[in-house]
Amino acid sequence: MATLAIRSATLWDGTHADPRPGTTVVMRDGDVTWVGPDGAPSAPLADAQVIDADGRWLLPGLIDLHVHLTFDPRDPDFLRVATQLPVAEAAFRGAHHARLMLEAGFTGVRDLGAFGDANVAIKRALDNGWVRGPRLATCGVFITVRGGHADLALRREVAIDQGIAVSGVEGVREAVRSRAHRGADWIKVLATAGVMTGGGAPMGACLWEDDELVAAVQASTRLGRKVAAHAHGADGIVAAANAGVATIEHVTMADTRAIDAMAHHGTALIPTFSAAEAVYREAQAGRLSPSSAAFAMTIGPRHRESFKLALDAGVTIGFGTDIGVPGTTFGDNAAEFQTMVAAGMAPAAALRAATSGAATILGWPKAGIVAPGYWGDAVLVDGDPLADVGILANRARVHAVIKGGVLEVDRRPES
Ligand SMILES: [Zn+2]
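Start counting the sequence shown at 11; every next residue gets the next number (my numbering).
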């Protein structure tokens, strides 16, 4: 396989190490094989394709821990799109979205739920090289309890009830086993109500019995899968953390009790500001149903407060946007960094949440760091993202994207 070398880069490697100007990085057979100062005689540059970074910053490829590849965020009735169109169409749409995110610098993505297994199909397509996009982890179809978030069984216009909703410990176990059998890497449970499906339940309440959540984690663990829980309110967050899920998504209406539970169990928080702010805008513009709009308007103001409580308590934060929900844009994932920093996170910590930190959460030991032995996944950026994280959200300044040692995107002005 080819050798790729990037020279004259300012390397920020994804760890706590200081940025290193004047660095050369060599990748071979998909992995980083050498990192050192420019001009070092030991650099294995024979037969290498050499890219001159000309002082630009080289970072590990970015990772988004929460997207919905198959959703169409531009359609006002996104549940119709998600449920009524052919699953094959959802797979094509998702493959298109995957490529947009790769072009924006994201070389790893966790898809947290589709209707139908289109996301599992996309993963196989990516793994086989049939389509271009980030490395993908996916949960297949999310799991909810009867009557919970995303249970569409009562919507007459929805043609299919794809076994999304279950009841009882046995139902939960069956659902987990079936997801894993069909190819899910993660199990996603919807612990509380959610913005897009409203419903009659109190927004913060946990809709699952404790034994059901515990059964989900136990059955997943047995099959080598970790669990991600969607939860907005404190009761749902506490129940999910106590049950042993690995990540809790959104955490928009937390209190100190909820944050303490997460800190105690080492549960990671995936904030998804991008989606919360998008649905807030959609609600203000009158583009959501009344129940969804009310939900979106309630969580909006409390979200940053919840996040700050978690930061102060030392809860692990993982980068995730929830792109796919209405009003979001695939490829704008990096705008999340600006909100994280505005909400109180240090820029380097926000970047680690999308690189080495995200890799730890995913259980991808070769991702998230640029160093020998790691995957050759990297982004070349025009400017210092530690001084201004907004650079990452500006496509014109993301000059190259490298995945598996291959130059996937090259937008350097002179090239
Ligand atoms: Zn989501």
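C-beta: ideal position from N, C-alpha, C; glycine also.
In this text the structure is predicted, and so the values were computed from the model without any measurement.
- Less than 7 Å separates the beta-carbon of residue 249 from that of residue 223.
- Annotation: the continuous alpha helix (DSSP H) that includes residue 319 extends over 300-322.
- According to the DSSP assignment, residue 272 belongs to the alpha helix (DSSP H) that extends over 266-275.
- Residue 98 carries a helical assignment under DSSP once its states are collapsed to helix, strand and coil.
- Counting the other Cβ atoms within 10 Å of the Cβ of residue 60 gives fewer than 16, which makes it exposed.
- In the DSSP assignment, residue 422 falls outside any alpha helix (DSSP H), carrying neither H nor E.
- Contact between the segment 61-75 and the segment 366-379 is present: 3 or more CB-CB pairs across the two stretches fall below 8 Å.
- When DSSP states are grouped into helix, strand and coil, residue 17 belongs to the strand group.
- DSSP links residue 84 through a beta bridge to no other residue.
- Where residue 37 is concerned, the enclosing beta strand (DSSP E) starts and stops at 30-38.
- In terms of CA proximity to residue 283, 331 leads the group 12, 331, 259.
- If you check the C-beta of residue 217 against ligand 1, you find no heavy atom less than 6 Å away.
- With a cutoff of 7 Å on beta-carbon distance, residue 262 and residue 312 are scored as near each other.
- Here DSSP, grouped into helix, strand and coil, assigns residue 349 to helix.
- Judged by their CB atoms, residue 42 and residue 382 are nearer to each other than the 7 Å cut-off.
- Taking the Cβ atoms as the reference, residue 151 lies roughly 6 Å from residue 174, within the contact range of under 8 Å.
- Each residue's CA atom was taken as its position, placing residue 179 and residue 17 some 56 Å apart.
- Pairing residue 142 with residue 109 gives a Cβ-Cβ distance under 7 Å.
- Between residue 308 and residue 269, the alpha-carbon positions lie close to 19 Å from each other.
- Put simply, the backbone Cα of residue 348 is about 28 Å away from that of residue 275.
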